[in-house]
Amino acid sequence: MRVSEIENPTNPSFLGNAAPVEKENNTACTEVIGKVPEELAGSFVRIGSNPVFVDNPETYHPFDGDGMIHEVHFQNGTASYVNAFVNTKGLQLEREKGDYIWTGLASPPDFNNEHGMMKNVANTAMVFHAGKFLALWEGGNPHHVSLPNLETVAEIDYDGKLNHPFTAHPKVDAQTGEMVTFGASIMASPFCSVSLVDKNGDLVHTTGIDMPKAAMMHDCAITSNYTLILDLPFTYNIENMAKGEPILQWDPDNGSRIGVLARGADGDQIKWFTIENCYVFHTVNAFEEGDEVVLEACRTPKMQALTDGRPDDVTVEDMPRMYQWRMNMKTGEVTEKLLDADWGSEFPRINENYMGLRNQYSYNGRMSPDVAGFDGIIKYDLVNETSQHHAYGPGRIGGEPMFAPRAGGTSEDDGWVIGFVWDENTQRSECMIFDAAKFDEGPVARIMMPERVPFGFHAGWVSQEQIDSQV
Ligand SMILES: [Fe+2]
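The sequence shown stops at residue 1080 when you use the working numbering, and every number in between is there.
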């Protein structure tokens, strides 16, 4: 069934600003409250799950939609909007057929699907590396997409060298230009593989990590010398699949471990640190201090969102909160610390020039027990353990806040924080821009989007310099 032909949907994925859009646009943004900074040059991008065809609207899972990228391109104080599907092989096949081919995550797996068991939907996150802008999905290969026109160039496999799934959250070391990526496998050992792509875009090293079970591993972290892998107790149980039960389970007996592996080393060199049971979807950053490797991330005590849904009586203690682990590479000891007891937050982003180095600031989507979705942005000062909040206001829900550094900027928060907001009161989407160093002064510009931008997953920033460097 074509999504645009669904009548009276009840699945929340098709209601309000979660509802997908089918129209692709390329248009100027003319309504602006405030002023788009003249120096802001490049593209703010946001990707999400935007299905064209579904098997059954009632059982559709919100992770199954085709990847669509929404882009606001900034130049000389002006903004323009482009949105387009990532033109994956799967979407092409479904468009040719005029109907769905894959049933999705909420349905039993289709082992007999002639096109493969799952569609690479390319809908989760994006990265710019070695002259290529990539749309990512953690089950399959990246898709190369050109900017600013958002044309899909090709699915890439690094000249056949990529032999594992590719996380939606690889890490680019701005100092060396290298990209560290990993992939979690469900069916066969090694359940985790780590690869290194050099600054020229050549995949130069892959190694397997020996893990007792296949676990859901969504993010990783890097320091200048190490890669951090998270083995957390949200594991796959293939036997459950045959029984029609959820394949993913909260599995506290598995325990929780952070693995620290020197960059480029083989997997058997990994050093594991046992930590209190928890789940982490997204890391903030990692860095080295003396003998310690330090990880900061948004941590929940239990994996709740995917197993139980969002309960009505959720408290701040159930929510992802900013947290720090310090792992001593000499003694093997690890210490843990909650960094913000008062607020839940997720989708943390930093000035990515500090990836792997001690960063001071993180910009997170703010979570409140009373609101579904992010109701504001928190700017964390992780060195001084303080924070500044911007609340969007009643009926306004935002997406991932992204940091765009000023070209030639010298301090870490010299740049802008950019994010989409949906205003339920006016039924309009906005792109908000904050001066990051003056975050407490509120937005410098609110761009009224010419079209509705549905809620989605991750955001990104690609500078004009990077756009001009595309290969
Ligand atoms: Fe993610």
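Ideal placement from N, C-alpha and C gives every residue a C-beta, glycine not left out.
Inset, instruction - Would you decide whether Thr776 is buried or exposed? Buried here means 16 or more other CB atoms lie within 10 Å of its CB. - result: As a working mapping, residue 776 is identified with position 167 in the sequence shown. That one is buried.
Legend entry - Nearest-angstrom Cα separation, counted from Met610 out to Asp719: Counting from 1 along the sequence shown, the entry for residue 719 is found at position 110. Counting from 1 along the sequence shown, the entry for residue 610 is found at position 1. When the Cα atoms are used, Asp719 and Met610 turn out to be separated by approximately 18 Å.
Inset, instruction - For the segment 877-965, list the beta strand (DSSP E) runs that are entirely contained and at least 3 residues long, ordered along the chain. - result: Listed in chain order, they are 880-884, 888-898, 901-909, 930-937, 943-947 and 953-958.
Legend entry - N-terminal and C-terminal residue of the beta strand (DSSP E) that Leu858 is part of: Start at 1 with the first residue of the sequence shown, and residue 858 comes out as number 249. Here residue 858 turns out to be Gln, not Leu, going by the sequence shown. Residues Leu857 to Trp859.
Inset, instruction - Spell out the partners DSSP gives Gly1069 in its beta bridges. - result: Taking the sequence shown and counting its residues from 1, one reaches residue 1069 at position 460. According to DSSP, residue pairing for Gly1069 in a beta bridge involves Val654.
Inset, instruction - May I have all residues whose beta carbon comes closer than 7 Å to any heavy atom of ligand 1, sorted in chain order? - result: The answer, residue by residue, is Thr733, Ala734, Ala777, His778, His827, Asp828, Phe890, His891, Phe1066 and His1067.
Legend entry - For Asn1101, the residue or residues it bridges with in DSSP: Residue 1101 cannot be examined here, being either before or after the span of the chain that is shown, 610 to 1080.
Inset, instruction - Under the assumption that Met1011 contacts Arg958 (Cβ atoms under 8 Å), give the Cβ distance between them as a whole number of angstroms. - result: For the purposes of this step, residue 1011 is taken as the residue at position 402 of the sequence shown. For the purposes of this step, residue 958 is taken as the residue at position 349 of the sequence shown. Right, their Cβ atoms sit about 5 Å apart.
Inset, instruction - Starting from the Cα of Lys911, find the closest Cα among Thr944, Asn635, Leu841 and Lys880 and give me that residue. - result: Here residue 911 is taken as the residue at index 302 of the sequence shown, counted from 1. For Lys911, the closest of Thr944, Asn635, Leu841 and Lys880 by C-alpha to C-alpha distance is Leu841.
Legend entry - Proximal residues to Arg1061 (C-beta, below 6 Å), its chain only, five neighbours per side dropped: Within the sequence shown, the letter at position 452 stands for residue 1061. The answer, listed in chain order, is Ser1038.
Legend entry - Cβ-based burial, Asp828 [other Cβ within 10 Å; buried from 16]: By 1-based counting over the sequence shown, the position of residue 828 is 219. Result: buried.
Legend entry - Nearest candidate by alpha-carbon position, reference Asn962, set Thr1019, His999, Ala851 and Pro978: Residue 962 sits at position 353 when you count from the first residue of the sequence shown. The alpha carbon of Asn962 has as its nearest neighbour, out of Thr1019, His999, Ala851 and Pro978, the alpha carbon of Thr1019.
Legend entry - Gln701: first and last residue of the uninterrupted beta strand (DSSP E) it sits in: The sequence position of residue 701 within the sequence shown is 92, counting from 1. Segment Lys698 to Lys706 is the alpha helix (DSSP H) holding Gln701; no beta strand (DSSP E) there.
Inset, instruction - Taking only the alpha-carbon atoms, compute the straight-line gap between Asp990 and Val645 and give it to the nearest angstrom. - result: Numbered from 1 along the sequence shown, position 381 holds the residue referred to as residue 990. Numbered from 1 along the sequence shown, position 36 holds the residue referred to as residue 645. Answer to the nearest angstrom: the Cα atoms are 25 Å apart.
Legend entry - Neighbourhood of Asn620 by C-beta, 6 Å cutoff - its chain only, sequence neighbours within 5 removed: Position 11 of the sequence shown holds residue 620. Annotation for Asn620: Pro666, Glu667 and Tyr669 place their beta carbon closer than 6 Å to its own, counting only its chain and skipping 5 residues before and after.
Legend entry - Inter-residue spacing [alpha-carbon to alpha-carbon] between Glu616 and Gln1036: Counting from 1 along the sequence shown, the entry for residue 616 is found at position 7. Counting from 1 along the sequence shown, the entry for residue 1036 is found at position 427. Straight-line Cα distance between these residues: approximately 20 Å.
Inset, instruction - Just mark His999 as buried or exposed, buried being the case when its beta carbon has 16 or more other beta carbons within 10 Å. - result: As a position in the sequence shown, residue 999 is number 390, starting the count at 1. For His999, the number of other beta carbons within 10 angstroms of its own is at least 16, and it is reported as buried.
Inset, instruction - Return the bridge partner residues of Ser755 from the DSSP annotation. - result: Here residue 755 corresponds to residue number 146 of the sequence shown, with the count starting at 1. DSSP lists no partner for Ser755.
Inset, instruction - Have a look at Gly625, Leu745 and Gly686 and flag the residue whose alpha-carbon is nearest the alpha-carbon of Met677. - result: Within the sequence shown, residue 677 is the residue found at index 68, counting from 1. Checked all of Gly625, Leu745 and Gly686; the closest Cα to Met677 is Leu745.
Inset, instruction - Please state whether DSSP places Asp1032 in a helix, a strand or coil. - result: Along the sequence shown, read from residue 1 onward, the residue named residue 1032 stands at position 423. The answer is strand: DSSP assigns Asp1032 an E or B state.
Legend entry - Between the CA atoms of Asp1049 and Thr733 - distance to the nearest angstrom: Counting from one through the sequence shown, the residue named residue 733 turns up at place 124. Counting from one through the sequence shown, the residue named residue 1049 turns up at place 440. When rounded, the distance between both Cα atoms is 30 Å.
Inset, instruction - Starting from Asp1044, follow its DSSP beta bridges and name the residues at the other end. - result: Along the sequence shown, one-based indexing puts residue 1044 at 435. Under DSSP, Asp1044 shares a beta bridge with Trp1025.
Legend entry - Contacting residues, own chain, Cβ-Cβ under 8 Å from Ala763 (five flanking each side not counted): Residue numbering aside, residue 763 sits at position 154 when the sequence shown is read from its first letter. Within its own chain, the residues whose Cβ lies closer than 8 Å to the Cβ of Ala763, once the five positions on either side in sequence are excluded, are His752 and His753, listed in chain order.
Legend entry - Three-way DSSP call (helix, strand, coil) for Ser689 in this model: Mapped onto the sequence shown, residue 689 falls at position 80. Looking at Ser689 - three-state DSSP - the assignment turns out to be strand.
Inset, instruction - Keeping to the same chain, check which residues put their C-beta closer than 8 Å to that of Pro717; ignore five residues upstream and five downstream. - result: Here residue 717 corresponds to residue number 108 of the sequence shown, with the count starting at 1. Cβ neighbours of Pro717 within its own chain (closer than 8 Å, five residues either side excluded): Met850 and Gly853.
Inset, instruction - Measure the Cβ-Cβ separation of Ser977 and Ile987 and say whether it is below 7 Å. - result: As a first step, residue 977 is located in the sequence shown; it is residue number 368 there, counting from the start. As a first step, residue 987 is located in the sequence shown; it is residue number 378 there, counting from the start. Cβ atoms of Ser977 and Ile987: not closer than 7 Å.
Legend entry - Host beta strand (DSSP E) of Glu680 (start-end): Numbered from its first residue, the sequence shown carries residue 680 at position 71. Residues Gly676 to Gln684.
Inset, instruction - Could you check the C-alpha separation between Cys638 and Ser798 for me, to the nearest Å? - result: Within the sequence shown, residue 638 is the residue found at index 29, counting from 1. Within the sequence shown, residue 798 is the residue found at index 189, counting from 1. About 49 Å.
Inset, instruction - Out of Thr712, Thr909 and Ala688, point me to the one whose CA is closest to Gly699's CA. - result: Residue 699 sits at position 90 when you count from the first residue of the sequence shown. That would be Thr712, whose Cα lies nearest to the Cα of Gly699.
Legend entry - Asp1077 versus Phe683: straight-line alpha-carbon distance, rounded: On the sequence shown, residue 1077 is found 468 positions in, with the first residue counted as 1. On the sequence shown, residue 683 is found 74 positions in, with the first residue counted as 1. Cα to Cα, the separation comes out at about 14 Å.
Inset, instruction - Return the bridge partner residues of Cys801 from the DSSP annotation. - result: To locate residue 801, count along the sequence shown from 1; it is residue 192. Answer is Ala793 and Ile818.
Inset, instruction - Measure the alpha-carbon distance for Glu848 versus Asp984 and round it to whole angstroms. - result: Numbered from 1 along the sequence shown, position 239 holds the residue referred to as residue 848. Numbered from 1 along the sequence shown, position 375 holds the residue referred to as residue 984. Going from the Cα of Glu848 to the Cα of Asp984 covers about 39 Å.
Inset, instruction - Would you mind reading off the limits of the alpha helix (DSSP H) that contains Glu848? - result: Working through the sequence shown from its first residue, we reach residue 848 at position 239. Going by DSSP, Glu848 is part of the alpha helix (DSSP H) stretching over Ile847 to Ala851.
Legend entry - First through last residue of the beta strand (DSSP E) which encompasses Leu714: What you label residue 714 is simply residue 105 of the sequence shown in a count that begins at 1. Counting along the chain, Leu714 falls outside any beta strand (DSSP E), and DSSP gives it neither H nor E.
Legend entry - Cβ separation of Ala739 and Gly810, assumed to be a contact under 8 Å, to the nearest whole Å: Mapped onto the sequence shown, residue 739 falls at position 130. Mapped onto the sequence shown, residue 810 falls at position 201. Right, their Cβ atoms sit about 3 Å apart.
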